[in-house]
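Sequential numbering of the sequence shown, starting at 1, is according to our numbering. Glycine is no exception: its CB is placed at the ideal position from the N, C-alpha and C atoms.
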Amino acid sequence: MNRPAILLLAPLAAALLTAAAPAKRKAAPPPPRPPVALPMGDTVRVAIVTEMGTIEADLDHLRAPKTVENFVRYVDGKRFDGMTFYRAMHLDWGDQPNGLIQGGWSGDPRKVLPPVIHEPTSLTGISHKAGALSMARFAPGTATSDFSILLADLPQLDADPKSADPDLQAGFSAFGHVVSGMDVVRRIWDAPRSPTKGEGTPLKGQLLEPAVKVLSVRRVVLPAAAPLSPPAPVSPPPAAP
């Protein structure tokens, strides 16, 4: 990571922009954007199968159509198979657990598709609540494959149209929420982190060692006219011995 952190709001201090930003790699033309293979309704459910268990999430195609279609292109093309969750950001303030996990291809030009248009929360109305899925990015409109799953409410990631800072105005693009498997999210978040990886960047101390492999990401068929499921509860911290 060779890009400086941009602080969002105290006390997030140290890079919630790079918190959601994949590592930069040597630029290369991305492959053409494939069409979405199958039709999508207002809600698309996906199963993210990791070596630690399965996370199911509902993607809000009705309110964040471009972001969800981008994500589903990776799903339908099996482009997420073999990626990793490589980051666990722990925040030591607020109700615990607090922070996020992040996964994807870290901008690998061999794996990513062209960037997706930025859909701010001020347009979609999808807030950064516990269990939310949100696209990683540098500048608005640069998101490709990498995304985060939140352990707690982080409204600091929502768009702030009144801010004088363009990045804060844009915020991040939330596009769905976990409906089952927050215990898996918690296990990934609790996984060992390297004390040295990311030296000299805001990522130091946040990179998983080893990263958690994603075996597959697939659509899950929903019953006809299925309502949007409520978010899954976040598991409480382990009891003290």
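Report task. Might you give, ordered along the chain, the residues of its own chain that have their beta carbon closer than 6 Å to the beta carbon of residue 231, omitting 5 neighbours on each side? Result -> 131, 177
Query raised in the report: Among the residues of its own chain, which have a CB less than 7 Å from the CB of residue 101, if the five just before and after it don't count?
Result: 85, 87, 88, 148, 149, 185, 188, 189
Query raised in the report: In chain order, what residues of the same chain lie with their CB nearer than 7 Å to the CB of residue 159, ignoring the 5 residues before and after it?
Result: 120, 121, 122, 169, 170, 171
Requested in this report: Return the residue from the list 51, 71, 52, 92 that minimises the CA-CA distance to residue 58.
Outcome: 71
Requested in this report: Would you kindly check if the distance between the Cβ of residue 64 and the Cβ of residue 220 is under 8 Å?
Outcome: no
Query raised in the report: CA-CA distance, residue 55 and residue 66?
Result: 22 Å
Requested in this report: Check whether the Cβ atoms of residue 215 and residue 76 lie closer than 8 Å to each other.
Outcome: Their beta carbons are not under 8 Å apart, which means residue 215 does not touch residue 76 by this criterion.
Requested in this report: Sort 91, 79, 51, 217 by Cα distance to residue 152 and report the nearest one.
Outcome: Of 91, 79, 51, 217, the residue nearest in Cα terms is 91.
Requested in this report: Look up residue 209 in the DSSP assignment and say whether it is helix, strand or coil.
Outcome: Correct three-state label for residue 209: strand.
Query raised in the report: How many angstroms separate the CA atom of residue 222 from the CA atom of residue 213?
Result: 26 Å
Query raised in the report: Could you give the residue range of the beta strand (DSSP E) that holds residue 85?
Result: 84-90
Query - Pick from 53, 146, 43, 39 that is closest to residue 180, judged by C-alpha positions - result: 53
Query - Cβ separation of residue 107 and residue 83, assumed to be a contact under 8 Å, to the nearest whole Å - result: Their Cβ separation, rounded to whole angstroms, is 12 Å, which puts residue 107 and residue 83 out of contact at 8 Å.
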